[in-house]
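This report concerns only the one structure given below.
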Amino acid sequence: MAFAPDIQMWLTFAVIGVTVILYALEKLSIEVVSLGSIVALILVFTIFPMPGPVQVTPADLLAGFANPALITVLSLLIVGQALFHTDALEKPVRAMARFARGRKMLAMLVALGGAGLISAFLNNTPVVVMLLPVMTAIAAIQNVSASRILMPLSFITILGGMTTLIGSSTNLLAADVAAHAGAVTLSFFSFTPIASIMAVSGAIYVLAVMPRLLKPRQNMAEELRSASGKQFIAQIEIRSGHPLVGQKAVAGFFPALKDMTVRLVQRGGDPILPPFENVTLGVGDTVIVAATRSTLSAALTGRTTLISGRHPPMDPGERKGQPDELTLAEAIVAPGSRLTGRTITNSGLSSDTDCVVLGIQRRSRMPRMPMRDIRLEAGDVLLFAGRRDDVEGLRANHDVILMEWSASEVPQRQFAGRALFIFAAVVVLAATGVVPIITSALAGALAMLAFRCLNVRQAVRAIDGRIVMLVGAALANATALEATGGAATVAAAMVAAMEGQSATVLLSGLFLLIALLTNVLSNNATAVLFTPIAIGIAARAGLPSEPFVVAVILGANCSFATPIGYQTNLLVMGPGHYRFADFLRAGIPLVLLMWIVFTLVAPMVYGL
C-alpha cells in the first residue's frame with residue numbers, strides 16, 4: 084500500500100505534540116505518557132513503514148533505554164544515594180550549616196555562584212552531583228522546600244557551562260562541526276563576553292524570580308525530616324568500655340551529649356537530677372535523655388556509638404565484624420493494646436519482635452524516670468530499631484500500629500570515608516577527562532556496592548523510574564524526527580521564511596528555533612544538526628559565520644523548559660520532587676529571557 088511520503092513525519096509531530104501536552108496536563112503519570120509515546124511511534128512505523136530500504140524498527144525506538152546519558156544519570160544517582168546512606172557529607176554540611184545560619188540569601192548565593200563558576204570549566208553533571216546533597220541540607224537548615232533550590236542549581240550550572248568552549252559538550256560539538264566545515268575556529272573564550280551577559284541575566288532571574296514560581300513540595304524524606312524535630316525519651320546504659328565512661332559534666336552539661344537534653348542520671352537506686360554539678364559518669368549508670376529521631380539515629384553509628392540498636396544489646400566492642408544495617412521505624416501503642424499499663428521491660432516486646440525500643444514519645448508530660456520504668460499508654464509512639472525484616476514484621480503485631488513510611492535505614496557512618504573517596508575519584512576522573520563520564524559513573528556505582536557503602540536494594544531504590552521512561556521516550560522521539568526528516572524540514576522552513584531579512588532578525592529567529600527544539604531533541608543533536616544550517620544562512624546573507632555558530636551554541640544550551648532538556652535537570656527531578664509542568668512554568672520564561680538578551684546584545688557584540 085502506498086502512503087504519502089511524509090505521513091510518518093506528520094504523525095511523528097502529532098505524537099510529540101500530544102506527548103508534551105499530556106506531560107504538562109499531568110492527568111496521567113509520566114511513566115504512562117512516556118510508554119504511550121513509545122508505543123504510538125512503534126505503531127506509526129509498523130503501520131506506515133518508511134519508503135525505501137532503511138526502516139525505523141522497534142529496536143531503534145527502544146535504543147534510548149541503553150543510552151549512555153541515561154546510564155550515566157542512573158549511576159550518579161546510585162553514587163549520591165551511597166553518600167546519603169553513609170552520611171559522608173555530614174562534616175561539610177555542618178560547616179555549610181554554620182555559615183548558612185542567619186545568612187540565608189548569602190549562603191544560597193555562594194553555593195549557586197560557585198556552581199556556576201565551576202561549571203564554566205568542568206562538566207555540569209559532576210558539579211550538580213557534588214552540590215546536590217549540600218543544597219538539600221541547606222534547604223533543610225533554612226526550613227525551605229528543596230524544590231525551591233534544586234532546579235535553580237541545575238539551571239545555574241547550565242548557564243555557567245555556556246560561557247566557555249569546554250563548559251559543555253554541546254559547545255565542543257558545534258565548534259568542531261564549524262571548524263571541519265572551514266567556517267570559523269572558535270577559541271576558549273570566543274563567545275565568553277556575550278555568554279557572560281546572558282548568564283548573569285539568567286542568574287538574576289534564577290535567584291530572584293524563579294523560586295517564587297516553584298511550588299514548595301515535600302517528598303517522603305522531607306516529610307520524615309519535618310517530623311524528626313519531635314523529642315523521644317531514651318536511655319543510655321553505660322557498660323564497661325562505653326565512650327561515656329569518665330565523662331564529666333561541664334557547667335551542668337555533658338559535652339558528649341550536646342545534641343541531647345539529659346533529664347536524669349540513674350545511679351543504682353539514686354536519681355541524680357539536673358543541673359549536673361561535679362557529676363562523672365561511670366559503669367552502671369543509666370542516662371535518661373530527650374532527643375530527636377535524627378539524633379538517636381546518629382548515636383547508633385559512628386566511632387562513638389552511644390546506644391545499641393541490636394537485640395540483645397551489645398557493648399561497643401562487640402559490634403566489630405557485625406553486619407551493621409539497622410532500620411528505624413515508629414509505631415503507636417494501639418487502643419486496647421496488651422501493652423497498656425506495662426513497662427517495656429516486662430512487655431516482652433523485644434523478644435516478640437526482635438526489635439529494640441530506642442525511645443518513647445508521649446503527648447502528655449513524660450515522667451522523669453528511667454525509660455524501662457515508664458508504663459505505656461495508648462497513643463504512645465515507640466521508636467524501634469532492628470533488621471528491616473523484623474521492623475516490617477511489626478505490621479502483624481496487634482499491640483502496636485506501624486506508622487507507614489516511617490521506616491528508614493540508619494546511616495552507616497563507618498563507611499563514610501570510603502564513600503567520599505569513591506565520590507571524589509568519580510568527580511576528578513570525569514572532570515579531567517581521564518575517562519569518559521559514563522565510565523567513571525559506572526565504576527563509582529560498582530565501587531559503592533562492592534565496598535558496602537550501600538546494598539543492592541538501596542541502589543535499586545535510588546533509580547527513579549520517571550527518569551528512565553522520560554529519557555527513553557525523548558530519545559525515541561528524536562530518532563523518529565531525524566529518520567523522517569522532521570527536524571530538517573523545520574530547519575528548511577525557517578531558512579525559507581527568513582530569506583532576505585536583516586542580520587538581527589536572522590540571528591534572533593535562529594536562536595529562538597534552536598532554543599525551543601533543544602528542549603525536545605537532545606542539546607547535542609540540536610547543535611550538530613543546526614551548525615551547518617547556520618553556516619549556510621550566514622553565507623547566503625553575506626554575513627560572517629561566527630555569530631551564527633555562536634547562536635547555535637548558546638541556543639542549544641537553553642535546555643530549561645523540560646526535564647529531558649539536559650541531564651542535570653533529570654538529576655534534580657527526583658530529589659526536588661518536580662513534575663513536568665514545573666519545568667515548563669519556571670523554564671519557559673528563562674528561555675524567552677535568554678532569547679531577548681541575545682537579540683539585544685549579539686548585534687552589538689558582533690557589529691551587525
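Convert by adding 83 to the 1-based position in the sequence shown; the result is the number in this note's numbering. Ideal placement from N, C-alpha and C gives every residue a C-beta, glycine not left out. Keep in mind that this is a model prediction, so the values were computed, not measured.
Limits of the alpha helix (DSSP H) - the one that residue i falls within
| i | result |
| --- | --- |
| P630 | E629 to A639 |
| A239 | Looking at the sequence provided, one finds Ile at residue 239 rather than Ala. Unbroken alpha helix (DSSP H) run through I239: L233 to G244. |
| E565 | G548 to T567 |
| F666 | F663 to V688 |
| Q495 | Note, Q495: premise wrong, no alpha helix (DSSP H); not H, not E. |
| I521 | I520 to A533 |
| I597 | A586 to L600 |
Exposure label - residue i; buried when at least 16 CB within 10 Å
| i | result |
| --- | --- |
| S523 | buried |
| L189 | exposed |
| Q330 | buried |
| Q138 | exposed |
| V632 | buried |
| F681 | buried |
| I616 | buried |
| H168 | buried |
| F272 | exposed |
| T219 | buried |
| E413 | buried |
| T645 | buried |
| M281 | buried |
Pairwise C-alpha distance: residue j and residue i
| i | j | result |
| --- | --- | --- |
| L118 | D89 | 24 Å |
| G568 | L683 | 32 Å |
| D437 | D473 | 6 Å |
| A685 | G265 | 22 Å |
| A575 | I505 | 48 Å |
| T246 | V227 | 30 Å |
| A310 | V551 | Low per-residue confidence applies at A310: pLDDT is 46, beneath 50, and the placement is therefore not dependable enough to give any value. |
| V439 | L192 | 44 Å |
| L290 | I647 | 22 Å |
| L214 | G351 | 50 Å |
| R308 | S430 | The pLDDT assigned to R308 is 46, lower than 50, so where the model puts this residue is not dependable, and the model offers no usable value. |
| D368 | L166 | 36 Å |
| G659 | S628 | 40 Å |
Under 8 Å between C-beta atoms of residue i and residue j
| i | j | result |
| --- | --- | --- |
| C536 | R501 | yes |
| R668 | L233 | no |
| I316 | I371 | yes |
| Q650 | P453 | no |
| I546 | M486 | no |
| I121 | L144 | yes |
| V260 | T572 | no |
| V212 | V162 | yes |
| V635 | I597 | yes |
| I239 | A278 | no |
| A479 | S420 | no |
| T410 | E492 | yes |
| N640 | T253 | yes |
| A374 | D342 | yes |
| V674 | F643 | yes |
| V696 | T102 | What is shown of the chain runs 84 to 691, which leaves residue 696 out entirely. |
| T208 | I618 | no |
| V483 | L466 | no |
Coil, strand or helix - residue i by DSSP
| i | result |
| --- | --- |
| P151 | helix |
| L441 | strand |
| G469 | strand |
| E114 | helix |
| T375 | strand |
| S642 | coil |
| G335 | strand |
| I321 | coil |
| L195 | helix |
| I390 | coil |
| F204 | coil |
Run of the beta strand (DSSP E) containing residue i, from where it starts to where it stops
| i | result |
| --- | --- |
| D353 | D353 to I355 |
| A142 | Note, A142: premise wrong, no beta strand (DSSP E); alpha helix (DSSP H) at P141 to L145. |
| F271 | Here F271 belongs to no beta strand (DSSP E), and DSSP marks it neither H nor E. |
| V543 | No beta strand (DSSP E) contains V543, which is instead part of the alpha helix (DSSP H) from V539 to A545. |
| A414 | T410 to V416 |
| V655 | Segment Q650 to G659 is the alpha helix (DSSP H) holding V655; no beta strand (DSSP E) there. |
| R295 | Segment M293 to L296 is the alpha helix (DSSP H) holding R295; no beta strand (DSSP E) there. |
| I457 | Per DSSP, I457 belongs to no beta strand (DSSP E) and is neither H nor E. |
| V345 | T344 to R350 |
| L485 | V483 to L485 |
Min CB distance residue i to chain C below 8 Å
| i | result |
| --- | --- |
| R421 | Going by chain labels, chain C is absent from the structure shown, which holds only one protein chain. |
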